[in-house]
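Novice:
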Ligand SMILES: [Zn+2]
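In the working numbering, the protein residues as written are 78 to 455.
Structure (structure tokens):
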């Protein structure tokens, strides 16, 4: 015990030294580990123009062996390390894009350092991919997800089950989309089956929901549209609802990720500086700045849908549905109205109206594409 007391007092006296920065990168995530010789207080905050995550390490010094700048790696464009004041060592992590970030630390052990861990994660990949597909000459790929299926009937009206109704609407939408020369649709399920990973015959709801998004990603879809029908105990409630999430809300609550600070701007689509407008027909996702496109395309679809379908709300509603949470793919979920309401059910089972719903969704996508072109050429 005497030894332990001595050890703690020695820790207090010694000044922490930042010995090393380790960086591991994957396509969509980058992790930094700051190795310090001693425990220290630290603070993390973010700044813009350029985008920066700043880590202040109190009472710390940099090891002379550690370079004061580190070049591009993963989501990091540059790192600078310098004493900000005599009592503060500042590590500035520049990123090309606005990212999600998460901070944690690992206490020092008997033979390990004190470590500050910063995780960076792409935030707007889905939005940028959608914009580039909207303005490009390449085909836009749209994944249509008829909700439920197989063992999971969804809700049911007096005359139809949700899983059967939404498959009909999805098939109509697919054939309309496939008639467009610059679009192509894929169906997440094209029969009465419950989508499960690795073609398993059975799985849980959450496994199925993840599998649906995965199938869309594997098909390189730019947009994911999930189609459902609603039900409510009060049979008077009726009308369709469109759901979409803003990008910063796609991170699950309690995941510890935060979105980097960004200045308020009305423009949520722009070309990155240095990218020529003349190349608009072949723009890649990483040449665009864009966010919240799930909500923007949701609004466009809603504005067309409401011409033929009674809508409950005039704007997309934010809800944490599993299929809406991917940051890698823009997504909307449409509750085509209520099977618990007799008038809505009558409307929904009529093939003419199923076609109207599909046509409205398609017009909405086309409107979004046209608006995105205009916006980016401004
Ligand atoms: Zn449903």
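Cβ coordinates follow ideal geometry from the N, Cα and C atoms, glycine included.
Given the structure is predicted, the values throughout are model-derived calculations rather than measurements.
Given this structure, state the Cα-to-Cα distance separating residue 421 from residue 415, to the nearest angstrom.
Specialist: One-based indexing of the chain shown puts residue 421 at position 344. One-based indexing of the chain shown puts residue 415 at position 338. Each residue's alpha carbon lies about 6 Å from the other.
Novice: Here's the rule I'm using: 16 or more other beta-carbon atoms within 10 Å means buried, otherwise exposed. How should residue 203 be labelled?
Specialist: Numbered from its first residue, the chain shown carries residue 203 at position 126. Counting Cβ neighbours within 10 Å, residue 203 comes out buried, since at least 16 surround it.
Novice: Using the Cβ count rule (16 or more neighbours within 10 Å means buried), how would you classify residue 276?
Specialist: To locate residue 276, count along the chain shown from 1; it is residue 199. Classification for residue 276: exposed.
Novice: Shortest alpha-carbon distance to residue 378 belongs to which of 339, 342, 317 and 363?
Specialist: Taking the chain shown and counting its residues from 1, the one referred to as residue 378 is at position 301. With distances taken between Cα atoms, residue 378 lies closest to 317.
Novice: Say yes only if the C-beta of residue 318 is nearer than 8 Å to one or more non-hydrogen atoms of ligand 1, and no if none qualify.
Specialist: Position 241 of the chain shown, counted from the first residue, corresponds to residue 318. No.
Novice: Give the range of the beta strand (DSSP E) segment to which residue 223 is assigned.
Specialist: Here residue 223 is taken as the residue at index 146 of the chain shown, counted from 1. It spans 217-223 - the beta strand (DSSP E) in which residue 223 sits, taken as one unbroken run.
Novice: Using 8 Å as the cut-off, classify the Cβ of residue 243 as near or not near the heavy atoms of ligand 1, replying yes or no.
Specialist: Your numbering for residue 243 matches position 166 in the chain shown. Residue 243: yes, Cβ under 8 Å from ligand 1.
Novice: Could you tell me which whole beta strand (DSSP E) segments of length 3 or greater appear in the segment 385-433?
Specialist: With a minimum length of 3 residues, the continuous beta strand (DSSP E) runs that stay inside the segment 385-433 are 407-415.
Novice: Could you pull the start and end residues of the alpha helix (DSSP H) that residue 374 belongs to?
Specialist: Counting from 1 along the chain shown, the entry for residue 374 is found at position 297. 370-382 is the extent of the alpha helix (DSSP H) around residue 374.
Novice: Do you know offhand how far residue 298's Cα is from residue 257's?
Specialist: Within the chain shown, the letter at position 221 stands for residue 298. Within the chain shown, the letter at position 180 stands for residue 257. Roughly 16 Å between the two C-alpha positions.
Novice: With 16 as the cutoff for other CB atoms within 10 Å, does residue 355 come out buried or exposed?
Specialist: Here residue 355 refers to the residue found at position 278 of the chain shown. The residue is exposed, with fewer than 16 neighbouring Cβ atoms inside 10 Å.
Novice: Closer than 6 Å by C-beta to residue 387: which residues in its own chain qualify, once you throw out the five before and the five after it? Chain order, please.
Specialist: As a first step, residue 387 is located in the chain shown; it is residue number 310 there, counting from the start. Within the same chain, residue 387 has close Cβ partners 316.
Novice: Closer than 8 Å: is that where the CB of residue 232 sits relative to any heavy atom of ligand 1?
Specialist: As a first step, residue 232 must be located in the chain shown, where it is residue number 155. Indeed, a heavy atom of ligand 1 lies less than 8 Å from the Cβ.
Novice: Where do the N-terminal and C-terminal ends of the alpha helix (DSSP H) with residue 241 fall, by residue?
Specialist: Reading the chain shown from its first residue, position 164 is the one you call residue 241. Counting along the chain, the alpha helix (DSSP H) containing residue 241 begins and ends at 239-255.
Novice: Tell me whether residue 70 sits in a helix, a strand or coil according to DSSP, three-state version.
Specialist: Because the chain in this structure spans residues 78 to 455, residue 70 falls outside the shown range and cannot be described.
Novice: From the DSSP output, read off the bridge partner residues of residue 309.
Specialist: Position 232 of the chain shown, counting from 1, holds the residue named residue 309. Beta-bridge pairing links residue 309 to no other residue.
Novice: Answer with buried or exposed for residue 437, where buried requires no fewer than 16 other C-beta atoms within 10 angstroms of its C-beta.
Specialist: As a working mapping, residue 437 is identified with position 360 in the chain shown. Residue 437 should be labelled buried.
Novice: Can you tell me the Cα-Cα spacing of residue 396 and residue 321, whole angstroms?
Specialist: Mapped onto the chain shown, residue 396 falls at position 319. Mapped onto the chain shown, residue 321 falls at position 244. Taking the straight line joining both Cα atoms gives about 7 Å.
Novice: Taking the alpha helix (DSSP H) that residue 171 belongs to, which residues open and close that run?
Specialist: Taking the chain shown and counting its residues from 1, one reaches residue 171 at position 94. That residue, residue 171, is in no alpha helix (DSSP H); its beta strand (DSSP E) goes 165-172.
Novice: Identify whether residue 144 lies in helix, strand or coil by the three-state DSSP scheme.
Specialist: Translated into the one-based positions of the chain shown, residue 144 becomes position 67. It is coil, neither helix nor strand.
Novice: Got a sec? Which residues, its chain only, sit under 6 Å from residue 105 by beta carbon, not counting five neighbours each side?
Specialist: Here the question's residue 105 lines up with position 28 in the chain shown. For residue 105, where only same-chain residues beyond five positions count, the Cβ hits under 6 Å are 199.
Novice: Between 129, 95 and 205, which lies nearest to residue 137 when the distance is taken from Cα to Cα?
Specialist: Locating residue 137 in the chain shown gives position 60, counting from the first residue. Measuring from the Cα of residue 137, the nearest candidate turns out to be 95.
Novice: By Cβ distance below 7 Å, which residues in the same chain neighbour residue 381 in space, the five residues on each side in sequence not counted?
Specialist: To locate residue 381, count along the chain shown from 1; it is residue 304. The residues are 437, 440, 441 and 444.
Novice: Exposed or buried, what is residue 412 when buried is set at 16 or more other beta-carbons lying within 10 Å of its beta-carbon?
Specialist: Within the chain shown, numbered from 1, the residue matching residue 412 stands at position 335. Residue 412 is buried by the Cβ-count criterion.
Novice: Once you ignore the five residues that flank residue 84 on each side, which residues in its own chain have a CB closer than 8 Å to its CB?
Specialist: Position 7 of the chain shown, counting from 1, holds the residue named residue 84. Low local confidence applies: a pLDDT of 49 at residue 84 is under 50, so the model's placement there is unreliable, and no value is given.
Novice: Express the C-alpha separation of residue 167 and residue 227 in angstroms, rounding to a whole number.
Specialist: One-based indexing of the chain shown puts residue 227 at position 150. One-based indexing of the chain shown puts residue 167 at position 90. Rounded to the nearest angstrom, the two C-alpha atoms are 56 Å apart.
Novice: Leaving out five residues before and five after residue 212 in sequence, what residues of the same chain have Cβ atoms less than 7 Å from its Cβ?
Specialist: Mapped onto the chain shown, residue 212 falls at position 135. Closer than 7 Å at Cβ, skipping near neighbours: 357, 360, 449, 450 and 453.
Novice: Could you tell me whether any non-hydrogen atom of ligand 3 is closer than 8 Å to the CB of residue 227?
Specialist: This structure lacks ligand 3; the ligands present are ligand 1.
Novice: What I want to know is whether the C-beta of residue 422 ends up closer than 8 Å to one or more non-hydrogen atoms of ligand 1.
Specialist: Within the chain shown, the letter at position 345 stands for residue 422. No, the Cβ of residue 422 stays beyond 8 Å of every heavy atom of ligand 1.
Novice: Tell me, please, which residues DSSP counts as bridged to residue 226.
Specialist: One-based indexing of the chain shown puts residue 226 at position 149. Note: residue 226 sits in a beta bridge opposite 229.
Novice: So is residue 82 buried or exposed if we call it buried at 16+ other beta carbons inside 10 Å?
Specialist: Numbered from 1 along the chain shown, position 5 holds the residue referred to as residue 82. Per-residue confidence for residue 82 stands at a pLDDT of 46, beneath the threshold of 50, marking its modelled position as unreliable; no derived number is given.
Novice: Return the first residue and the last residue of the beta strand (DSSP E) that residue 102 is part of.
Specialist: Counting from one through the chain shown, the residue named residue 102 turns up at place 25. That run of the beta strand (DSSP E) goes 94-102.
Novice: My understanding is that residue 407 touches residue 300, with C-beta atoms under 8 Å, so please give their C-beta distance in whole angstroms.
Specialist: For the purposes of this step, residue 407 is identified with residue 330 of the chain shown, where counting begins at 1. For the purposes of this step, residue 300 is identified with residue 223 of the chain shown, where counting begins at 1. Contact holds; Cβ gap of about 5 Å.
Novice: So is the beta-carbon of residue 306 under 8 Å away from any non-hydrogen atom of ligand 1?
Specialist: Walking along the chain shown from the start, residue 306 turns up at place 229. Yes, the beta carbon of residue 306 sits closer than 8 Å to at least one heavy atom of ligand 1.
Novice: Just tell me which of 289, 239, 149 and 205 has its CA closest to the CA of residue 221.
Specialist: Stepping through the chain shown from its first residue, residue 221 is reached at position 144. It is 289.
Novice: Residue 417: which of 306, 191 and 400 sits nearest, CA to CA?
Specialist: To locate residue 417, count along the chain shown from 1; it is residue 340. It is 306.
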